[in-house]
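In my numbering, the protein residues as written are 17 to 376.
The beta-carbon is built from N, C-alpha and C at its ideal position, and this holds for glycine as well.
Set out below in structure tokens:
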């Protein structure tokens, strides 16, 4: 009866596990903090995607605190299994109490990961293209992403976490049950990667239709494609750890779970930094620039009439106001489009103004 419990071996040491756990939590916090400061400094407010990232990091912090406490019990069991620590009467009750946290910790993991996905979706919706097909595709991706999160939480083996001690020690160590549990890990990994690819397809469609240079498109696509790193970590988490016929090593599985959570939060913040730069230059990446040529507002410097505030002929004494008016109307050339047809006519030489005369 004790055999399934005390044949556990840690693939990652306790200092490495806890050190990595808090390192990713701290680093991701710095990225989140920088994101919030820049966002608030630029827009004087936070958006829905920012709150999703904050929620994802809060869940990660909660998970880290739980593991800091309950990880002591896990590594105590590893020590008993390795023969470096003696078995005591309270070992099994401790083990049962520890297993009670496995299902909630798994729910927190998927919830944190999916908060990052929903953050990306909210981010792209706010940028959103006005093309109806793009909007429809966004709603399709949202529905699929939500459905995969629900299924990932639903297929957790709650019986082997919240059940009795006999169920955990005997039934959950049965080969058929182990194979079923490992298949769910593979299925959830597939859902994780597929939803990431679907979310990545949204900015790809947008970039395909906007009128910016190829270089800028490639830069933006490279930034958004950083989510591929999250997919790589998700695959590594399962491929390295899961053997279909063997029970999963808890420390190794959650070691990579924390790496995936931290990486997802960091990548979501990096992707938003590029958008902040683009927004500051052109107000809206996927919108249309609404600049009008300000000819009517320019001072009358090309004729003899006096504009507002002019104090003498040719606008003398009003040089500073003219300069400020002209300077206020300057817009970036890359967003200014002028369409005007001009007719060129031969002008008699007698009517041409001398080149050295001032503007009248």
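Check	Outcome
Backbone CA spacing between residue 27 and residue 94 [nearest angstrom]	10 Å
Three CB pairs or more closer than 8 Å across the segment 189 to 198 and the segment 112 to 125	no
Residue 275 (DSSP reduced to helix, strand or coil)	helix
Residue 219, buried or exposed, once every other Cβ within 10 Å from all chains shown has been counted against 16	buried
Proximity to residue 142 [Cα-Cα], best of 63, 155, 234, 116	63
Cβ separation of residue 287 and residue 209, assumed to be a contact under 8 Å, to the nearest whole Å	No, residue 287 and residue 209 are not in contact; Cβ-Cβ is about 18 Å, not under 8 Å.
With 16 other Cβ atoms within 10 Å as the buried cut-off, status of residue 49	exposed
Cβ neighbours of residue 187 in the same chain (closer than 7 Å, five flanking residues each side left out)	193
Complete alpha helix (DSSP H) runs within the segment 148 to 187 (minimum length 4 residues, chain order)	148 to 170, 175 to 178, 181 to 185
Reduced DSSP secondary structure (H/G/I, E/B, other) of residue 117	coil
Beta-carbon contacts of residue 86 that lie in its chain and below 6 Å, excluding the five residues immediately before and after	114, 117
Sufficient close CB pairs (3 or more, under 8 Å) joining the segment 73 to 84 to the segment 38 to 52	yes
The segment 128 to 136 touching the segment 196 to 204, judged by at least three CB pairs closer than 8 Å	no
Nearest-angstrom Cα separation, counted from residue 183 out to residue 104	21 Å
Closest Cα partner of residue 154 within the set 65, 215, 52	215
Where the alpha helix (DSSP H) through residue 246 begins and ends	243 to 255
Residue 39: first and last residue of the uninterrupted alpha helix (DSSP H) it sits in	30 to 59
Residue closest to residue 45, alpha-carbon to alpha-carbon, out of 174, 33, 74, 274	74
Nearest candidate by alpha-carbon position, reference residue 274, set 262, 30, 36, 70	36
Among 253, 137, 248, the one whose alpha carbon lies nearest that of residue 66	137
Chain-order list of residues whose beta-carbon lies under 7 Å from that of residue 90 (same chain, five-residue window excluded)	114, 266, 267
Residue 30 versus residue 255 - alpha carbon distance	22 Å
Nonlocal neighbours in the same chain, by C-beta distance under 7 Å from residue 34, ignoring five residues either side	84, 87
Burial state of residue 170, where buried means 16 or more other Cβ atoms lie within 10 Å	exposed
Residue 57, buried or exposed, once every other Cβ within 10 Å from all chains shown has been counted against 16	exposed
Three-way DSSP call (helix, strand, coil) for residue 101 in this model	coil
Where residue 217 falls: helix, strand or coil (DSSP)	helix
Cβ separation of residue 207 and residue 241, assumed to be a contact under 8 Å, to the nearest whole Å	Contact doesn't hold; Cβ gap of about 20 Å is too wide.
Reference residue 244, options 165, 203, 213, closest by Cα	213
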